[in-house]
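There are 2 protein chains.
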Amino acid sequence: MWKPDRQSNKPLYEQIADYLEQRISYGEFPPGSLLPSERKLAEQLGVNRSTIIQAFAELRSFGIIESRTGSGTRVSRTKWGATPKHTPNWKRYAEGGSFLPNPPFMRKIREALTDQPSRIDFASGELAADLAPMDEIASLMSAHHYTSYLGYDNPQGYVPLRETLVSYLKRYRSIQTSESSILITSGSQQSLYLITQCLLSPGDAVAIEDPSYCYSLPMFQSAGLRLFRLPVDQHGIRPDDIRTLYKKHRIKMVFLNPNYQNPTGTVLADERREQLLEVASELALPIVEDDPFSLTAYEGNPPAPLKSLDTVGSVLYIGSFSKVAASGLRIGWMVAPRSIVERLADARQQMDFGLSIIPQQVAAQFLKSSHFEPHLERLRIQLQFKRDLLIDTLRKELHDSVIYDIPHGGLHLWCKLLPDVNDGKLLDEAIRRGVVFVPGSVYGSDSSFVRFTFARAKNDEIEPGISRFAEALRSLTSINS
Amino acid sequence: MWKPDRQSNKPLYEQIADYLEQRISYGEFPPGSLLPSERKLAEQLGVNRSTIIQAFAELRSFGIIESRTGSGTRVSRTKWGATPKHTPNWKRYAEGGSFLPNPPFMRKIREALTDQPSRIDFASGELAADLAPMDEIASLMSAHHYTSYLGYDNPQGYVPLRETLVSYLKRYRSIQTSESSILITSGSQQSLYLITQCLLSPGDAVAIEDPSYCYSLPMFQSAGLRLFRLPVDQHGIRPDDIRTLYKKHRIKMVFLNPNYQNPTGTVLADERREQLLEVASELALPIVEDDPFSLTAYEGNPPAPLKSLDTVGSVLYIGSFSKVAASGLRIGWMVAPRSIVERLADARQQMDFGLSIIPQQVAAQFLKSSHFEPHLERLRIQLQFKRDLLIDTLRKELHDSVIYDIPHGGLHLWCKLLPDVNDGKLLDEAIRRGVVFVPGSVYGSDSSFVRFTFARAKNDEIEPGISRFAEALRSLTSINS
Ligand SMILES: Cc1ncc(COP(=O)(O)O)c(C=O)c1O
Ligand SMILES: Cc1ncc(COP(=O)(O)O)c(C=O)c1O
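Sequence lines, in order, name chains A and B.
Numbering-wise, the first sequence is residues 1 to 481 according to full-length UniProt numbering.
Numbering-wise, the second sequence is residues 1 to 481 according to full-length UniProt numbering.
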């Protein structure tokens with residue numbers, strides 16, 4: 001006789017509901033017929049009665065069975081009539097697969113912004129519309145044709161964009177590479193996805209920063225990876241911690257965002273970079289350097305990437321168009337050994353057949369145009385302005401009940417709130433008042449942290465936004481205005 | 001003591017090589033020291049000596065150890081010197097993950113075309129450059145601005161494109177839907193990928209056509225699905241076969257390409273469509289209808305999609321911009337219940353943060369422009385012309401040693417070769433002569449089938465292409481010219 005599988009990921013009640021649905025659909029229990037009692041089924045299948053109750057509730061919600069007090073549970077007559085017609089159990093399918101849903105906070109933020117776009121947005125990690133090079137891109141687009149080839153792209157990405165990136169990486173990031181070692185991806189996000197899906201196996205251990213953007217990505221857990229933490233202090237992670245994690249857990253890869261880290265804004269200190277590369281080569285351990293922010297360096301002196309110091313070949317480097325120009329073009333790039341680039345390009349064919357050519361053409365033209373330098377210049381000044389505005393307002397509104405390190409690049413300010421407050425409740429109160437931010441717990445921190453993105457809001461939204469936030473905080477704590 | 005894991009997917013020799021590399025890197029075996037003998041290790045680890053020999057070969061190839069006849073195997077001195085510096089074992093990483101590489105034939109074809117783009121291409125399943133609406137798109141692009149918003153897109157895709165598709169689907173496919181039930185994807189490929197990754201679990205059984213485009217996608221196997229076949233005859237699959245497969249294997253989903261099927265060009269017969277939907281609703285079984293070709297119907301009367309007949313809600317419908325306009329825009333769409341659309345949109349955020357906005361704007365404008373109808377008209381005529389040219393030439397060159405059904409839509413001609421020939425060898429001979437096609441075995445057929453795509457080659461390439469193909473065939477068989 002069939003029994004539920006206790007090793008399976010699928011909850012017992014669902015397995016049982018599935019099983020009953022199947023037997024009904026085979027006609028074993030015709031419409032109107034009585035099903036075995038809860039108690040009897042529990043006994044037969046070796047489960048608690050409460051599990052059967054759950055399974056019945058599930059079947060009832062699909063109209064497959066009906067219960068009436070005192071007269072037991074019957075197969076529905078309407079649903080399973082003479083010509084039975086059943087919609088697939090879509091709810092069950094939607095729960096299938098290994099993909100974990102995005103964290104509830106992220107969904108809540110997305111909904112808050114979709115429902116009411118007028119809410120002030122300190123949550124979305126991207127540039128405000130007026131910081132993106134809209135006019136520059138519009139003028140490039142009107143001066144060029146993009147339609148000379150509209151077929152499937154090269155699996156590694158559009159060749160002229162890769163060629164442009166070879167110069168870009170040399171000039172701006174001191175990275176020497178060739179177009180065959182570059183993979184163009186849909187933002188850095190797809191680079192991270194390809195690495196976690198194609199170079200690692202379920203059960204592998206990896207190290208990530210704590211706090212980290214990566215904690216906001218269920219992607220790592222969806223790939224079945226075991227995550228271990230590298231605490232970030234004012235100067236980034238401590239390389240010795242990697243050695244310790246390797247000894248204990250045989251970590252297979254380290255994911256770092258060493259330049260203006262998301263969320264903390266820290267820069268990994270120079271001497272730690274050297275130690276890190278030593279540890280990596282000692283352990284033959286790959287380091288993923290996720291580097292979307294470095295060119296935002298407000299004073300114009302971005303830190304040298306790990307990749308530029310990497311003589312051994314330990315670093316997979318990831319860059320992006322998103323945080324320095326426009327996230328909506330979905331252009332990112334990875335620099336990696338050829339065998340890795342080819343492997344990932346091949347796998348990506350199965351996922352989406354590669355990227356659209358037009359945005360790659362646009363990005364290539366913009367990066368090599370005379371617009372790029374002045375745009376960067378302006379971006380840096382304006383980001384710094386927004387950072388200062390945010391900090392001034394925080395000081396005015398919240399005095400010393402919030403502490404932070406001042407970032408010198410990037411889009412974010414990471415704050416510790418001194419009053420003890422639950423960040424989920426705080427988010428609710430803030431949304432009610434028309435402002436959103438990201439709770440620290442999304443990044444793996446405890447709940448007294450918040451991340452403010454100052455790049456996305458308009459200048460004249462920053463003051464009212466923080467004042468609403470302060471109100472929300474005051475409504476939950478005893479601090480004074 | 002450590003032992004290799006015989007349940008693991010990783011070959012034993014690799015596990016052993018990994019393990020030895022780790023112990024060496026811990027300093028347990030310093031540079032220059034002698035490793036235990038092959039025989040001894042085999043005994044300790046409970047494996048054959050040949051496995052140890054393989055593991056040693058692997059380590060030797062990375063310069064980690066050195067063997068000299070008679071004096072055993074030692075840890076390399078150069079590689080593991082005083083300051084050991086090791087590149088990660090990238091080869092091992094490239095073999096990680098659950099993603100199967102693309103079939104060798106497909107890689108061979110891709111390389112043949114990249115190495116020498118002048119080869120005549122009967123393999124790439126897309127339109128020739130002059131069949132794509134290049135001028136129309138160029139004129140739209142010069143008349144519009146695309147830069148009013150350059151931020152992250154809505155997770156389900158650009159709203160105006162979804163709105164355009166609501167009218168498009170109603171007008172051209174008799175499908176009633178709303179923009180909230182549409183998900184824009186990177187071609188139909190990403191729709192298929194999302195379905196296999198997010199709605200099904202490893203071990204689930206699914207049914208696909210035989211032969212089928214889906215066999216060319218290791219995607220299904222990468223997702224751990226068990227594939228069962230529905231033989232395709234002149235009128236498509238037989239719905240009763242689905243019932244049989246369901247009884248035997250509890251299939252969870254059926255993937256069909258019912259309109260001008262890839263590769264056979266067949267159209268599922270009307271009465272089978274009805275039976276199919278009956279079976280689906282009887283079994284509450286979801287049907288994925290992959291429908292990229294229908295608007296190419298040469299005589300202008302595309303078959304009604306399953307989705308338009310689906311009163312129960314069994315069908316997930318997938319469409320694409322690729323085969324009727326341009327594959328390089330990477331625009332596809334899925335029509336599905338809201339819960340499914342939301343689930344897939346959420347998961348896709350983790351993979352790539354959604355699509356680029358510009359190609360979605362371009363596609364929306366093109367589909368609703370006055371250019372679309374005349375383009376379709378022209379496309380149909382030209383595809384029919386190419387089909388006829390291909391068939392005429394085949395008849396002239398190969399007389400009755402090749403048989404096929406004449407397709408009335410789509411891009412492909414599916415041929416059975418009467419002489420007994422190995423399709424791999426045939427491909428090699430064809431490549432040497434400057435022409436490529438796809439061997440039938442890629443689609444799960446036996447090796448006497450080939451697929452010719454006639455849409456991609458220029459008109460004046462079709463004759464010489466087939467004549468080279470015929471030569472290749474003659475070189476391997478005894479048929480006369
Ligand atoms: C550290 C970091 N990496 C990667 C990404 C992904 O961005 P994109 O895919 O737009 O490049 C982000 C976006 O917030 C980020 O902050
Ligand atoms: C039947 C079928 N489905 C899906 C695809 C994927 O095409 P795209 O992702 O470009 O829409 C193809 C391409 O060959 C196909 O033939």
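Heads up, the beta-carbon is just placed ideally off N, CA and C, and yes, glycines get one too.
CB of residue i within 9 Å of CB of residue j, strictly
| i | j | result |
| --- | --- | --- |
| serine 233 of chain A | threonine 266 of chain A | The sequence shown places aspartate at residue 233 of chain A, not serine. Contact: yes. |
| glycine 444 of chain B | arginine 229 of chain B | yes |
| phenylalanine 454 of chain B | leucine 390 of chain B | yes |
| aspartate 423 of chain B | phenylalanine 449 of chain B | yes |
| residue 518 of chain B | isoleucine 195 of chain B | Shown here, chain B extends from 1 to 481; a query on residue 518 of chain B therefore has no answer. |
| aspartate 291 of chain B | asparagine 259 of chain B | yes |
| leucine 355 of chain A | aspartate 204 of chain A | no |
| leucine 418 of chain B | aspartate 400 of chain B | yes |
| glycine 63 of chain B | serine 76 of chain B | yes |
| isoleucine 287 of chain A | aspartate 310 of chain A | yes |
| alanine 284 of chain A | serine 314 of chain A | yes |
Proximity test, residue i beta-carbon vs ligand 2 heavy atom, cut-off 8 Å
| i | result |
| --- | --- |
| phenylalanine 353 of chain A | yes |
| asparagine 257 of chain B | yes |
| glycine 444 of chain B | no |
| glutamine 54 of chain A | no |
| glycine 125 of chain B | yes |
| glutamine 382 of chain B | no |
| leucine 192 of chain B | yes |
DSSP-derived helix/strand/coil call for residue i
| i | result |
| --- | --- |
| isoleucine 251 of chain B | coil |
| valine 402 of chain B | strand |
| glutamate 66 of chain B | strand |
| alanine 82 of chain B | Bear in mind that the predicted position of alanine 82 of chain B carries a pLDDT of just 45, short of 50, making it too unreliable to give a figure here. |
| isoleucine 120 of chain B | strand |
| aspartate 241 of chain B | helix |
| tryptophan 2 of chain A | coil |
| isoleucine 208 of chain B | strand |
| serine 98 of chain A | coil |
| glycine 328 of chain A | helix |
| isoleucine 182 of chain B | strand |
| phenylalanine 452 of chain B | strand |
| phenylalanine 293 of chain A | coil |
| leucine 256 of chain B | strand |
| threonine 73 of chain A | strand |
| arginine 173 of chain A | helix |
| valine 442 of chain A | helix |
Proximal chain A residues relative to residue i, where beta-carbon distance stays under 8 Å
| i | result |
| --- | --- |
| valine 312 of chain B | Lys85, His86, Thr87 |
| histidine 412 of chain B | Correct list: empty, because the minimum Cβ distance to chain A is about 16 Å. |
| lysine 91 of chain B | Ser339 |
Residue i: contacting residues in chain B (beta-carbon distance under 8 Å)
| i | result |
| --- | --- |
| glutamine 197 of chain A | Gly97, Ser98, Phe99 |
| histidine 249 of chain A | Residues of chain B passing the Cβ test: none, with the nearest at roughly 12 Å. |
Under 9 Å by beta carbon: chain A residues contacting residue i
| i | result |
| --- | --- |
| glycine 151 of chain B | Ser124, Glu126, Leu127, Ala128, Ala129, Ala132, Ala326, Ser327, Gly328, Arg456 |
| proline 359 of chain B | Ser356, Ile357, Ile358, Pro359 |
Contacts of residue i in chain B (Cβ-Cβ under 9 Å)
| i | result |
| --- | --- |
| tyrosine 193 of chain A | Gln350, Met351, Asp352 |
Partners in chain A for residue i, counting only beta-carbon separations shorter than 7 Å
| i | result |
| --- | --- |
| aspartate 346 of chain B | Pro101, Asn102 |
| arginine 343 of chain B | Ala94 |
Within chain B, the residues that residue i reaches when beta carbons sit closer than 7 Å
| i | result |
| --- | --- |
| valine 279 of chain A | Within chain B, no residue comes near valine 279 of chain A; the closest Cβ sits about 11 Å away, beyond 7 Å. |
| alanine 284 of chain A | Ser25, His86, Thr87, Pro88, Asn89 |
Residue i Cβ short of 8 Å to ligand 1 heavy atom set
| i | result |
| --- | --- |
| phenylalanine 105 of chain A | no |
| residue 486 of chain A | Because residue 486 of chain A is not part of the residues shown, which for chain A are 1 to 481, the question remains open. |
| alanine 447 of chain A | The question names alanine, but residue 447 of chain A in the sequence shown is serine. Not so, every heavy atom of ligand 1 lies at least 8 Å from the Cβ. |
ask   = Counting Cβ pairs, one atom from each stretch, are 3 or more of them under 8 Å apart for the stretch 470-478 of chain B and the stretch 131-145 of chain B?
value = Segments in contact, no.
request  = Kindly confirm or deny that the stretch 332-350 of chain A and the stretch 207-226 of chain A touch, where touching means at least three C-beta pairs closer than 8 Å.
outcome  = Contact between the stretch 332-350 of chain A and the stretch 207-226 of chain A is absent, because fewer than three Cβ pairs lie under 8 Å.
task = Mind the definition here: the stretch 116-136 of chain B touches the stretch 109-119 of chain A only if three or more C-beta pairs lie below 8 Å; say whether that holds.
result = With the rule of 3 Cβ pairs closer than 8 Å, the stretch 116-136 of chain B does not count as touching the stretch 109-119 of chain A.
ask   = Is the number of C-beta pairs between the stretch 379-390 of chain B and the stretch 297-310 of chain B that are closer than 8 Å three or more?
value = Yes, the stretch 379-390 of chain B touches the stretch 297-310 of chain B.
ask   = Taking three-plus beta-carbon pairs below 8 Å as touching, is the stretch 155-175 of chain A in contact with the stretch 148-159 of chain B?
value = With the rule of 3 Cβ pairs closer than 8 Å, the stretch 155-175 of chain A does not count as touching the stretch 148-159 of chain B.
message = Three or more C-beta pairs under 8 Å: does that hold for the stretch 407-416 of chain A against the stretch 451-468 of chain A?
response = When Cβ pairs closer than 8 Å are counted between the two stretches, the stretch 407-416 of chain A is seen to touch the stretch 451-468 of chain A, the count reaching three or more.
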